[in-house]
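Take a look at the structure set out below.
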Ligand code: GBH
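In UniProt numbering, the protein residues as written are 1 to 481.
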């Protein structure tokens with residue numbers, strides 16, 4: 001008897017995702033300029049083992065081989081990011097050779113019938129733009145819009161889906177408050193200004209791209225997570241959950257979909273960090289929030305895990321998910337209050353992140369109900385995946401990577417998405433993070449998220465068992481029930 005399977009809607013898109021700095025390498029090729037990540041990785045102690053993205057997966061030279069792998073997987077769409085520092089190395093002049101790489105990439109994707117899904121910014125600001133103030137500086141908004149239009153000049157006729165930013169929360173808060181990402185700063189003021197200018201850059205670029213071509217699908221990707229109080233009956237735990245939800249999710253969703261920053265967090269900021277709050281108020285110009293709230297066609301959601309938060313530390317604190325690098329212990333949030341993670345006894349990945357697919361279903365419902373349901377915005381899960389320690393085995397002279405846990409993770413999250421879809425939530429697609437093992441930021445090459453294994457010594461690619469499982473899911477457009 002055939003096993004029961006659950007089918008996906010006909011127009012549901014299956015893809016995989018990567019980001020420029022994490023896979024491309026070739027950081028000085030064809031006139032590419034330095035980005036803040038090239039600078040950051042050279043600061044002693046910030047990346048595990050002192051790893052850099054100098055070579056990474058050498059995708060810049062191996063993109064054709066990698067697209068052939070995507071073809072074997074049957075991917076319908078490929079989400080990648082363009083490197084601003086390749087396109088505009090000095091922050092102002094366009095580098096045609098940098099754009100040529102993305103022309104070759106997109107042509108090869110189209111030749112394989114794979115729809116390119118382009119992200120303009122996945123954290124790699126040109127160092128030249130950082131040197132004139134970076135995201136805390138308003139002029140960067142203008143620079144970003146010019147860069148977006150330069151990429152559109154080259155690829156506008158062949159790329160149907162454009163997202164502006166990947167996870168502005170990380171660029172702004174992990175980069176400028178926790179200091180664990182580039183540029184490695186630790187200032188609540190800078191974090192809030194960076195977040196505002198990132199959102200404004202999104203809104204401006206959206207407006208310009210929309211004016212050029214009304215047929216494009218435009219959007220942004222946020223990292224979001226349901227936040228639950230450890231004891232829902234405890235006022236202080238509920239308040240801790242409110243503060244984390246407000247700084248993590250609502251700080252970005254509210255301006256984008258309601259045209260206002262969340263009032264409760266603004267109030268908390270004004271009393272806890274008045275200087276930062278005043279700097280933010282001064283940075284918000286009259287029309288900014290209207291620009292930020294321009295309607296988007298696609299909201300990308302990157303989902304990895306939920307959060308269980310208390311006002312006081314757990315008796316047995318859960319393992320930290322932060323990289324054990326020099327600045328490891330600092331909070332990523334503008335509000336200085338303590339937030340404490342609690343364990344729910346769920347299984348954990350090699351990042352120490354909880355495996356919690358049910359929270360993804362709740363998240364999709366909430367975003368629809370509170371934000372996107374009223375507009376025509378479709379939701380896409382633009383990243384979801386897991387790091388596990390892979391152990392290649394040799395069988396009959398061939399290498400195999402038996403990563404059952406990763407395949408199970410994928411299927412469980414696809415099932416969680418189907419639960420939401422069956423209940424009427426409009427989810428248009430799923431992008432596995434990641435196509436390839438790659439440079440995992442502060443964790444260097446010590447954490448592997450790929451469907452495809454990369455042997456960094458030889459750059460050999462091997463499909464993991466999870467890649468085979470995903471190929472079968474795409475081919476049958478269904479998962480085991
Ligand atoms: C995504 O971020 C990114 O878009 C992607 O590039 C990344 O590879 C993927 O997840 C897997 O991590 O610096 O150790 O203190 C997900 C959200 C937020 C998780 C920042 C890691 C910093 C941890 N990320 N967080 S650390």
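Positions of the beta carbon are idealized from the N, C-alpha and C atoms, including for glycine.
{"Asked": "Inter-stretch contact (C-beta, 8 Å, three-pair minimum) for the segment 161 to 180 and the segment 124 to 144", "Found": "yes"}
{"Asked": "Chain B contact for residue 23 (CB, 8 Å cutoff)", "Found": "The structure shown contains no chain B; it holds only a single protein chain."}
{"Asked": "Spatial distance of residue 356 from residue 305 (CA atoms)", "Found": "6 Å"}
{"Asked": "Residue 321: CB within 7 Å of a non-hydrogen atom of the ligand GBH", "Found": "yes"}
{"Asked": "Own chain, CB closer than 7 Å to residue 200, minus 5 neighbours either side, in chain order", "Found": "141, 288, 291 and 292"}
{"Asked": "C-alpha gap between residue 73 and residue 10, whole angstroms", "Found": "18 Å"}
{"Asked": "Whole-number beta carbon distance between residue 94 and residue 26, since they are thought to touch under 8 Å", "Found": "That belief does not hold up - the Cβ atoms of residue 26 and residue 94 are roughly 18 Å apart, past 8 Å."}
{"Asked": "Unbroken alpha helix (DSSP H) run spanning residue 205, endpoints", "Found": "188 to 212"}
{"Asked": "Alpha carbon of residue 55 to alpha carbon of residue 78, nearest angstrom", "Found": "21 Å"}
{"Asked": "Residues that residue 307 bridges to, as DSSP identifies them", "Found": "227"}
{"Asked": "Counted within 10 angstroms of its Cβ, other Cβ atoms place residue 467 as buried (16 or more) or exposed", "Found": "buried"}
{"Asked": "CB of residue 155 within 8 Å of CB of residue 118, strictly", "Found": "yes"}
{"Asked": "Closest residue to residue 411 among 448, 456, 469 and 51 (Cα-Cα distance)", "Found": "469"}
{"Asked": "Limits of the alpha helix (DSSP H) - the one that residue 160 falls within", "Found": "Taken as a continuous stretch (DSSP letters only), residue 160 belongs to no alpha helix (DSSP H), as it is neither H nor E."}
{"Asked": "Distance, residue 366 Cα to residue 6 Cα", "Found": "23 Å"}
{"Asked": "Alpha-carbon spacing of residue 450 relative to residue 441, whole angstroms", "Found": "14 Å"}
{"Asked": "Complete alpha helix (DSSP H) runs within the segment 303 to 391 (minimum length 4 residues, chain order)", "Found": "357 to 367"}
{"Asked": "Span of the alpha helix (DSSP H) around residue 413", "Found": "404 to 422"}
{"Asked": "Proximity test, residue 453 beta-carbon vs the ligand GBH heavy atom, cut-off 7 Å", "Found": "no"}
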